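One structure below.
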Amino acid sequence: GSPETLHNVSNLEKAGILNKTKISENGKKVRKNWAQSWTVLHGGVLIFHKDPKSNPTGTSSKINQIVPEFTVELKGATIGWAAKEKSSKKNVLELKSRTGAEYLIQYDTDSIITDWHKVITDTIRQIDME
Ligand code: I3S
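Residues 334 to 463 (full-length UniProt numbering) make up the sequence shown, in order.
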């Protein structure tokens, strides 16, 4: 594409800590399991890594930080602020994958969650134009 496209693509990368839970899979509601996650957006894919604290021994905490727990392909996905009844937490985003899985993403700090909302929205928009 044009240099402008390349510029846009290179901006659609982000990493940081978020709270996340899956809420449905294959159209079926699943039990929430809120956990902190090192989250990486790269190449139109959102990668949630395991919470290093979820390992009681801590021996493989370094491995857990780099091993993905699950990934969400943003092609055909939708993102938006979650309805109040979805969670009692503040700053909750709802992400729906093209395959119908639903996730909640949350962070107390407004600027952090707003940045994620923007970059995910822009990524979905960018991919849909390809
Ligand atoms: O949508 P829910 O069922 O009210 O979600 C809450 C539960 O997942 C709860 O765990 P238990 O399944 O053990 O009750 C969590 O601790 C809460 O955080 C969940 O609600 P929020 O409003 O935090 O998303």
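Yeah, the Cβ is synthetic: ideal placement off N, Cα and C, and Gly gets one too.
None of the values given here were measured: they were computed from a predicted structure.
Taken from the Cβ of Trp367, at least one heavy atom of the ligand I3S lies inside 6 Å.
Between Ala415 and Val425, the C-beta gap is smaller than 7 Å, which places the two residues in contact. As summarised for the UniProt domain "PH" (344-458), the continuous alpha helix (DSSP H) elements at least 4 residues long and confined to that stretch are 394-399, given in chain order. In terms of Cβ geometry, Ser370 and Val405 do not form a close pair [threshold 7 Å].
A check of alpha carbon separations from Gly377 across Arg364, Ala348, Lys422 identifies Ala348 as the nearest. Listed in chain order, the non-local C-beta contacts of Lys365 below 7 Å within the same chain comprise Thr354, Ile356, local neighbours out to five positions each way being set aside.
The criterion of a C-beta distance shorter than 7 Å is satisfied by Leu351 and Thr372. Taking 6 Å as the cut-off, the C-beta of Lys422 counts as close to a heavy atom of the ligand I3S.
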